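Structure first, commentary second.
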Amino acid sequence: QSHTYTRTHELFNDFVTELVKADRVIMLPIYAAREENISGVTSLQLVEAIEKKGIETKFFETPEASAKFIKESVGPDEVVVVMGAGPVTEVAKLLTE
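Count along the sequence shown starting at 1, add 581, and that's the number in my numbering.
In structure tokens form, the structure reads like this:
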């Protein structure tokens with residue numbers, strides 16, 4: 582989960598460069614914190630850019646939906662990294678239940 586619209590906008594290409602190193606990417610909405618989205622950047626734009634590089638990428642509106650998908654689709658020998666600020670921390674909690 583990206584943290585702030587400004588940071589996502591400024592580091593967009595860097596996020597794409599790093600996230601395409603994963604086998605699969607799951608995105609949540611950008612965590613706005615204190616900001617309004619004046620740049621117009623969205624998580625869906627990140628999803629599209631990552632998919633263009635050939636990486637399976639999913640977008641979920643809520644931590645609950647993403648955790649459900651992970652539980653249903655990740656194998657026992659796969660590694661899941663939960664990273665970001667804000668509600669994404671709920672994903673990690675839900676995965677341990």
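Where a beta carbon is used, it is the ideal one built from N, C-alpha and C, also for glycine.
Bear in mind the structure is a predicted one, so any value in this text is a computation, not a measurement.
Taking a 10 Å sphere around the C-beta of Ile631, we find 16 or more other C-beta atoms and assign the residue as buried. Rounded to whole angstroms, Leu627 and Gly635 show a C-alpha spacing of 13 Å. Within the DSSP bridge table, the entry for Arg605 names Glu637 as partners.
Per DSSP, the continuous alpha helix (DSSP H) segment holding Asp595 begins and ends at Phe593 to Leu600. When rounded, the separation of the alpha-carbon atoms in Val663 and Leu675 is 11 Å. Its chain contains Met608, Ser624, Leu625 and Val628 as the residues whose beta carbon lies nearer than 7 Å to that of Phe640, once the 5 sequence neighbours on both sides are disregarded; these appear in chain order.
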